[in-house]
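Peer 1:
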Amino acid sequence: MKAAMRERYGSPDVVELRDVDVPVPGDDQVLVRVHAASVNRADLDLLYPKPGFTRLFLGVRRPRDGRIGCDAAGVVEAVGAGVTRFRPGDRVFADLYPYGLGAFAEYACAPAAAFQAVPDGMSIEDAATLPHAAILAIQGLRRRDGRTPKPGDRVLIDGASGNVGPFAVQIAKHLDTEVTGVSSTAKQDLVRSLGADHVIDYTAVDYTAAGNRYDWILAVDAHHSILRIRRALRSKGVYVTLGGSTSRLFQSLLAGPVVSFATGKSVGMMLWWKPFLAEDVATLGEYYAAGKLKPVIDRRYPLDDVVAALRYVDEGHAKGKVVITV
Ligand SMILES: NC(=O)c1ccc[n+]([C@@H]2O[C@H](COP(=O)([O-])OP(=O)(O)OC[C@H]3O[C@@H](n4cnc5c(N)ncnc54)[C@H](OP(=O)(O)O)[C@@H]3O)[C@@H](O)[C@H]2O)c1
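Residue numbers (this note's numbering): 21 to 346.
Structure, rendered in structure tokens:
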């Protein structure tokens with residue numbers, strides 16, 4: 021089969037398509053013929069890798085595992101002897117982030133626990149856009165204690181135009197909140213089209229200094245210091261950042277609890293991510309069926325052009341999701 025692989029760290033140029041053996045599923049595993057995959061920021065972060073200290077887990081000098089790609093959707097080809105949840109022909113999707121990746125390939129093989137059935141009425145292509153980014157959006161709008169934005173709350177999505185942001189804007193609207201989306205100039209129309217009540221162009225306005233205050237800020241990357249963010253939060257407001265530079269991440273981890281304690285606000289990095297949690301996948305299915313959550317697909321690339329797909333996202337051109345068709 022064809023599979024996108026890399027042997028060293030670096031930009032998308034380190035990726036190449038190889039001919040490799042089709043994996044044979046172990047007792048608890050499922051072999052899936054991939055029909056579509058999608059690109060996430062995580063795919064690029066794992067390529068470089070960013071932040072740099074993640075080499076400690078991925079392999080210090082070079083990656084221990086050459087496979088790439090988190091999000092896969094396709095049809096079950098074969099199952100291991102111990103698998104009862106799926107059988108050949110079932111439509112399934114997965115976030116392979118915790119299972120060694122491998123979505124950018126003609127076949128993906130992982131434990132059955134990695135996969136969920138694609139809901140009836142959902143296209144395989146749409147399914148391929150959801151596992152990593154839409155689950156991050158759901159969980160970024162829910163604190164570890166279960167609190168979510170309330171109807172009427174003012175919610176700001178910082179990074180509303182990439183992978184996670186468009187899902188977060190739609191979910192926040194579904195929760196009946198007043199949504200502000202932050203993006204670059206060229207992507208303001210996209211953010212507005214998702215239902216955002218207000219849009220902010222980060223190249224012109226710093227929302228932490230604009231005088232507005234929010235009940236909930238979800239930042240896909242920490243673009244501002246926690247001390248500035250504090251000023252943009254209402255009393256008991258919540259700020260959740262999903263990622264950012266090493267220094268911002270350490271600031272969120274170390275200063276976040278102190279600022280939270282001192283101000284009564286909740287400020288920090290999301291540490292409660294549960295990839296592709298079954299309950300949240302079910303919720304996504306309900307939102308999708310009700311027409312409340314529509315993946316925005318910017319471009320499609322065949323697997324042969326996986327490097328171009330990764331480059332397009334890496335250079336910040338994507339407006340929503342980029343799908344790889346297999
Ligand atoms: N916490 C966890 O457990 C966990 C797990 C997995 C992943 N993650 C993280 O989740 C995040 C996923 O983000 P994503 O895939 O949505 O990223 P993305 O697709 O790269 O989107 C980035 C967004 O940030 C905006 N942006 C870029 N530069 C900006 C700036 N200087 N100021 C303000 N906004 C700016 C972009 O706007 P324009 O495109 O309009 O420029 C875009 O909307 C990543 O940070 C990843 O590391 C976290």
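From the three backbone atoms N, C-alpha and C, an ideal C-beta is built for every residue, glycine too.
(1) Counting along the chain, where does the alpha helix (DSSP H) carrying H194 start and finish?
(2) Could you give the first and the last residue of the continuous beta strand (DSSP E) run that contains L37?
(3) Beta-carbon separation of R163 and W292 under 9 Å?
(4) Is it a yes or a no for the region 35–51 touching the region 69–85, going by three-plus beta-carbon pairs under 8 Å?
(5) Closest to V40 by CA distance: which of A128, L150, A275 is it?
(6) Are A410 and E145 closer than 9 Å when you measure CB to CB?
(7) So, helix, strand or coil for R53, using DSSP?
(8) At the level of alpha carbons, what is the spacing between G201 and G215?
(9) Here's a check: name, in chain order, each residue in its chain whose Cβ is nearer than 6 Å to the Cβ of M25, leaving out the five neighbours to either side.
(10) Label F296 either buried or exposed according to how many other C-beta atoms from any shown protein chain fall within 10 Å of its C-beta, with 16 as the threshold for buried.
(11) Whole angstroms are fine: how far does the CA of F270 sit from the CA of P69?
(12) Which residues does DSSP pair with T200 in a beta bridge?
(13) Using beta carbons (cut-off 9 Å, strictly below), is L273 in contact with chain B?
(14) When you compare only the Cα positions, how much space is there between A180 and N232?
(15) Any heavy atom of ligand 1 inside 8 Å of the beta-carbon of W293?
(16) Give a single yes or no on whether N60 has its beta carbon closer than 8 Å to a heavy atom of ligand 1.
(17) How many angstroms separate the CA atom of S400 from the CA atom of R331?
(18) Check the DSSP bridge columns for Y234 and list the partner residues they point to.
(19) How about the region 163–172 and the region 295–310: do they share at least three Cβ pairs that are nearer than 8 Å?
(20) Is V138 buried or exposed, if buried means 16 or more other CB atoms sit within 10 Å of its CB?
(21) Cα-Cα, which of C90, Y227, A132 is closest to P108?
(22) Less than 6 Å between C-beta atoms, sequence neighbours within five positions excluded: which residues of the same chain meet that for V199?
(23) Buried or exposed for K339, going by 16 or more other Cβ atoms inside 10 Å?
(24) Suppose contacts are defined by Cβ-Cβ distances below 9 Å. Is S204 in contact with D178 by that definition?
(25) Cutting at 8 Å between CB atoms, please list the residues of its own chain near L64, excluding the five before and the five after it.
Peer 2: On the basis of the data shown:
(1) Looking up residue 194 in the sequence shown gives position 174. Per DSSP, H194 belongs to the alpha helix (DSSP H) from 184–194.
(2) Mapped onto the sequence shown, residue 37 falls at position 17. From DSSP, the beta strand (DSSP E) with L37 extends over 35–39.
(3) Here residue 163 refers to the residue found at position 143 when the sequence shown is read from its first residue. Here residue 292 refers to the residue found at position 272 when the sequence shown is read from its first residue. A contact, by the Cβ cut-off of 9 Å.
(4) no
(5) What you label residue 40 is simply residue 20 of the sequence shown in a count that begins at 1. For the residues A128, L150, A275, the minimum Cα distance to V40 belongs to A128.
(6) The structure shown has nothing for residue 410, since the chain only spans 21 to 346.
(7) Residue mapping note: residue 53 aligns to position 33 of the sequence shown, counting from 1. R53 falls in the strand class under three-state DSSP.
(8) Position 181 of the sequence shown, counted from the first residue, corresponds to residue 201. Position 195 of the sequence shown, counted from the first residue, corresponds to residue 215. Those two C-alpha atoms are separated by around 9 Å.
(9) Here residue 25 is taken as the residue at index 5 of the sequence shown, counted from 1. Contacts found: R38, G86.
(10) Position 276 of the sequence shown, counted from the first residue, corresponds to residue 296. Buried, since its Cβ has 16 or more Cβ neighbours within 10 Å.
(11) Position 49 of the sequence shown, counted from the first residue, corresponds to residue 69. Position 250 of the sequence shown, counted from the first residue, corresponds to residue 270. So the alpha carbons of these two residues sit roughly 17 Å apart.
(12) Start at 1 with the first residue of the sequence shown, and residue 200 comes out as number 180. Beta-bridge pairing links T200 to L176, H218.
(13) The structure shown contains no chain B, having only a single protein chain.
(14) Taking the first residue of the sequence shown as position 1, residue 180 is located at position 160. Taking the first residue of the sequence shown as position 1, residue 232 is located at position 212. Going by the C-alpha atoms only, they are around 18 Å apart.
(15) By 1-based counting over the sequence shown, the position of residue 293 is 273. At least one heavy atom of ligand 1 is nearer than 8 Å to the Cβ of W293, so yes.
(16) Here residue 60 corresponds to residue number 40 of the sequence shown, with the count starting at 1. At least one heavy atom of ligand 1 is nearer than 8 Å to the Cβ of N60, so yes.
(17) The requested residue 400 is not part of the displayed model; the chain covers only 21 to 346.
(18) Stepping through the sequence shown from its first residue, residue 234 is reached at position 214. Y234 is bridged to L253.
(19) no
(20) Here residue 138 refers to the residue found at position 118 of the sequence shown. Counting Cβ neighbours within 10 Å, V138 comes out buried, since at least 16 surround it.
(21) Position 88 of the sequence shown, counting from 1, holds the residue named residue 108. Considering only alpha carbons, the answer is A132.
(22) Walking along the sequence shown from the start, residue 199 turns up at place 179. Around V199: V175, V189, A192, K193, A216, D217.
(23) As a first step, residue 339 is located in the sequence shown; it is residue number 319 there, counting from the start. Buried: at least 16 other Cβ atoms inside 10 Å.
(24) Your numbering for residue 204 matches position 184 in the sequence shown. Your numbering for residue 178 matches position 158 in the sequence shown. Cβ distance not < 9 Å, so S204 and D178 don't count as in contact.
(25) The residue given as residue 64 occupies position 44 in the sequence shown. Same-chain partners within the cutoff: P32, K70, L330, V333, D334.
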